[in-house]
Amino acid sequence: MKIHRLVWFVGLLSIGLSAHAADQAARPPNVIVILTDDLGYGDLASYGASQYATPHLDRMAAQGMRFTHYYAPQAVCSASRAGLLTGCYPNRVGIAGAIHSPSKNGLHPDETTIAEVLKAKRYRTAAIGKWHVGHRRPFLPLQQGFDEYLGLPYSNDMWPVRYDGTHAVAQPGKTLPVELPLIEGNEKIRELRTLEDQEILTTLYTERAQAFIRRNRDEPFFLYLAHTMPHVPLAVSSKFKGKSGQGMYGDVVMELDWSVGEIRRTLEECGLTGQTLVIFTSDNGPWLNYGNHAGSAGGLREGKGCTWEGGQRVPCIMVWPGQIPAGTVCSNLASSIDLLPTFAALAGAPLPERKIDGVNILPLLRGDFAANPRDQFLYYYRKNSLEAVRRGSWKLVFPHPGRSYEGFVPGKDRFPGKTNENFEFSGGLYDLRRDPGERYDLKAEHPEIVAELEKIAQAAREDLGDDLTGQPGKNRRPIGEVQ
Ligand code: MG
104 MKIHRLVWFV
114 GLLSIGLSAH
124 AADQAARPPN
134 VIVILTDDLG
144 YGDLASYGAS
154 QYATPHLDRM
164 AAQGMRFTHY
174 YAPQAVCSAS
184 RAGLLTGCYP
194 NRVGIAGAIH
204 SPSKNGLHPD
214 ETTIAEVLKA
224 KRYRTAAIGK
234 WHVGHRRPFL
244 PLQQGFDEYL
254 GLPYSNDMWP
264 VRYDGTHAVA
274 QPGKTLPVEL
284 PLIEGNEKIR
294 ELRTLEDQEI
304 LTTLYTERAQ
314 AFIRRNRDEP
324 FFLYLAHTMP
334 HVPLAVSSKF
344 KGKSGQGMYG
354 DVVMELDWSV
364 GEIRRTLEEC
374 GLTGQTLVIF
384 TSDNGPWLNY
394 GNHAGSAGGL
404 REGKGCTWEG
414 GQRVPCIMVW
424 PGQIPAGTVC
434 SNLASSIDLL
444 PTFAALAGAP
454 LPERKIDGVN
464 ILPLLRGDFA
474 ANPRDQFLYY
484 YRKNSLEAVR
494 RGSWKLVFPH
504 PGRSYEGFVP
514 GKDRFPGKTN
524 ENFEFSGGLY
534 DLRRDPGERY
544 DLKAEHPEIV
554 AELEKIAQAA
564 REDLGDDLTG
574 QPGKNRRPIG
584 EVQ
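Sequential numbering from 104 applies to the sequence shown in this note's numbering.
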């Protein structure tokens, strides 16, 4: 009788265990996107940075895949984030530039975000950190597919505080930027008023992210952790102040690196490492005229706000033990607009009904570089200017007015140096394999490649428009607007 009972019990246990194993196998993976703000291509040790340490990101690169030709959707905050969240070139969904605090615009609620795509597969979703695709209520994360939100609704320099930390006073005829609120859900929970107030942010976001992971360890989840740092004004907690030996910027990067370590440690503690894809990247290149408070483009040309490589090519590290081959480098083209369709494929979720621009890059994550899912990339900037196109290693830059940092003394200790916001670039054809700095125009030598890239540009102009050639485009959708 006792033996019978034991057999019965063991049988039940094994059925339970195999049901659990089946559950685990059927469960789609968790996804974590860690987005930094204005971190440059040359800011991590694994991308050639020296002098300050990023051990957690180094380990992540060693255990996963490091992308060397990975692009932010556009070279500025709001547009870049709209692209990441929707899988579209930002101009397709009507978002350009950075949305300022008085703005009534935002990402149209009819657009489908990653969070909404994954909700179809019952993911738990959280946005933590900088949002910046519209701060009016209909555009906030809770109305865009996220179950929870804690963070700043726009950039941390959109506040009535001067570079030296003193409060700006209203001048006749000029409006002051509105306050910088910290928002939880849809409500302001406090206002950030001083440089010191910002020192809490990286750690606050990190701890909230850890709590979200622990709370949802038994459900598939999507965590979008968009750090405010290292966007100016830089701020760092006391844990890292003065620790890098490289000033504020190095300290801030060390805290971001610590944060990555904490997130991965929490996954490990929850037994979720093997079923979680973690992605670390940046929204655009470094804001170079802030000098020692800016990052490095690692030798690429120009920086934030430019379609030259320094503005748009960003570091990207992905890790998923057992799925992504460890210690690999991917030099195929990829972009943050590819995340939405890639996650949809992972989760078995349908794609948005409206046209998107991203492609599923899962073959690259599996190490199949011959698959090459993305063979071209469009570089739009300003309101809707097609400034360059890339295919393979060739990039054709069209003549355009744009920001240039070259020729100016960079700023120092919170104060920016000058830039030329309307430099007339003459453009050219560049072979990024031999000439990553985009210095040698080969247009005259390769008219056949120019013609090929022109064809790509012409198709893009018909589809998405181009202010430089006066084409409106057939398939752009409107930005959201509240009255
Ligand atoms: Mg940015």
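Cβ coordinates follow ideal geometry from the N, Cα and C atoms, glycine included.
If I measure Cβ to Cβ from R317 and keep anything under 7 Å in the same chain, skipping five residues before and after, which residues do I get? On the sequence shown, residue 317 is found 214 positions in, with the first residue counted as 1. Cβ contact annotation for R317 (same chain, cutoff 7 Å, sequence separation greater than five): T369, C373, in chain order.
Opposing strand residues paired with Y252 [DSSP bridges]: Translated into the one-based positions of the sequence shown, residue 252 becomes position 149. Y252 pairs with A230.
Which residue comes first and which comes last in the beta strand (DSSP E) that contains V381? Within the sequence shown, the letter at position 278 stands for residue 381. In this chain, the beta strand (DSSP E) harbouring V381 covers 379-385.
Shell residues, 7 Å Cβ cut-off relative to heavy atoms of ligand 1: The filter returns D140, D141, V179, C180, S183, H334, D386, N387, K407, in chain order.
7 Å CB neighbourhood of L532 in its chain, flanking five on each side removed: Locating residue 532 in the sequence shown gives position 429, where the first residue counts as 1. Once the five neighbours on either side are set aside, the close Cβ partners of L532 are W497, L499, D544, L545, K546, H549, I552, V553.
Taking 7 Å as the limit between beta carbons, can you name the residues of its chain near S529, skipping five residues before and five after? Sequence index remark: in the sequence shown, residue 529 carries index 426 (1-based). Result list for S529: P502, in chain order.
Length of the line joining the Cα atoms of L109 and S385: As a first step, residue 109 must be located in the sequence shown, where it is residue number 6. As a first step, residue 385 must be located in the sequence shown, where it is residue number 282. With a pLDDT of 49 at L109, under the threshold of 50, the modelled position of that residue is not reliable, and no figure is offered here.
Assess contact between the region 342-352 and the region 281-296, defined as three or more Cβ pairs (one per stretch) separated by less than 8 Å. Is contact present? The region 342-352 vs the region 281-296: no contact.
Can you tell me where the beta strand (DSSP E) with V134 in it begins and where it stops? For the purposes of this step, residue 134 is taken as the residue at position 31 of the sequence shown. If you look at V134, you'll find it in the beta strand (DSSP E) that goes 133-139.
Do P241 and P212 have their CB atoms nearer than 7 Å? Working through the sequence shown from its first residue, we reach residue 241 at position 138. Working through the sequence shown from its first residue, we reach residue 212 at position 109. Yes, they are a contact pair.
Tell me, to the nearest whole angstrom, how far the beta carbon of V236 is from that of S181; I am working on the premise that it is less than 8 Å. Taking the sequence shown and counting its residues from 1, the one referred to as residue 236 is at position 133. Taking the sequence shown and counting its residues from 1, the one referred to as residue 181 is at position 78. With 8 Å as the limit, V236 and S181 qualify as a contact, their Cβ atoms being about 6 Å apart.
Reference L359; option with closest CA among H159, F315, T228: Along the sequence shown, one-based indexing puts residue 359 at 256. Proximity to L359 across H159, F315, T228 peaks at H159, based on C-alpha coordinates.
Beta strand (DSSP E) containing K291: first to last residue? Stepping through the sequence shown from its first residue, residue 291 is reached at position 188. Per DSSP, the continuous beta strand (DSSP E) segment holding K291 begins and ends at 290-295.
Could you tell me which whole alpha helix (DSSP H) segments of length 4 or greater appear in the region 389-458? DSSP runs (the alpha helix (DSSP H)) wholly in the region 389-458: 412-415, 442-450.
P581 classed as buried or exposed, judged by whether at least 16 other C-beta atoms fall within 10 angstroms: Start at 1 with the first residue of the sequence shown, and residue 581 comes out as number 478. Its Cβ having fewer than 16 others within 10 Å, P581 is exposed.
Euclidean distance between Cα positions of Q166 and I366: For this step, residue 166 is matched to residue 63 along the sequence shown. For this step, residue 366 is matched to residue 263 along the sequence shown. For the pair Q166 and I366, the Cα-to-Cα distance works out to about 15 Å.
Which residue from R225, T297, N525, L142 puts its Cα closest to that of D260? Taking the sequence shown and counting its residues from 1, one reaches residue 260 at position 157. Of the listed residues, the one whose Cα sits closest to D260 is T297.
Taking just the CA atoms, how far does E555 sit from Y308? Taking the sequence shown and counting its residues from 1, the one referred to as residue 308 is at position 205. Taking the sequence shown and counting its residues from 1, the one referred to as residue 555 is at position 452. Distance between the alpha carbons of Y308 and E555: 46 Å.
Residues sharing a beta bridge with E584, DSSP: Taking the sequence shown and counting its residues from 1, one reaches residue 584 at position 481. Its beta-bridge partners are N208.
Pair within 7 Å by beta-carbon distance, D478 and G461: Start at 1 with the first residue of the sequence shown, and residue 478 comes out as number 375. Start at 1 with the first residue of the sequence shown, and residue 461 comes out as number 358. No. Outside cutoff.
Within 10 angstroms of its Cβ, does P424 collect 16 or more other Cβ (buried), or is it exposed? Residue mapping note: residue 424 aligns to position 321 of the sequence shown, counting from 1. Under a 10 Å Cβ-count criterion, P424 is classified as exposed, with fewer than 16 other Cβ atoms of the shown protein chains found around its own Cβ.
At what residues does the alpha helix (DSSP H) containing L337 begin and finish? Residue 337 sits at position 234 when you count from the first residue of the sequence shown. That residue, L337, is in no alpha helix (DSSP H); it is neither H nor E in DSSP.
State whether the region 384-403 contacts the region 140-149, with contact taken as three or more CB pairs (one from each stretch) at a distance under 8 Å. Enough Cβ pairs lie closer than 8 Å, so yes.
Is the beta carbon of A474 less than 7 Å from the beta carbon of F170? Locating residue 474 in the sequence shown gives position 371, counting from the first residue. Locating residue 170 in the sequence shown gives position 67, counting from the first residue. Cβ atoms of A474 and F170: not closer than 7 Å.
For P453, count neighbouring C-beta atoms within 10 Å of its own C-beta (all shown protein chains included) and say buried if the count is 16 or more, exposed if not. Mapped onto the sequence shown, residue 453 falls at position 350. The C-beta of P453 has fewer than 16 other C-beta atoms within 10 Å across all chains shown, which makes the residue exposed.
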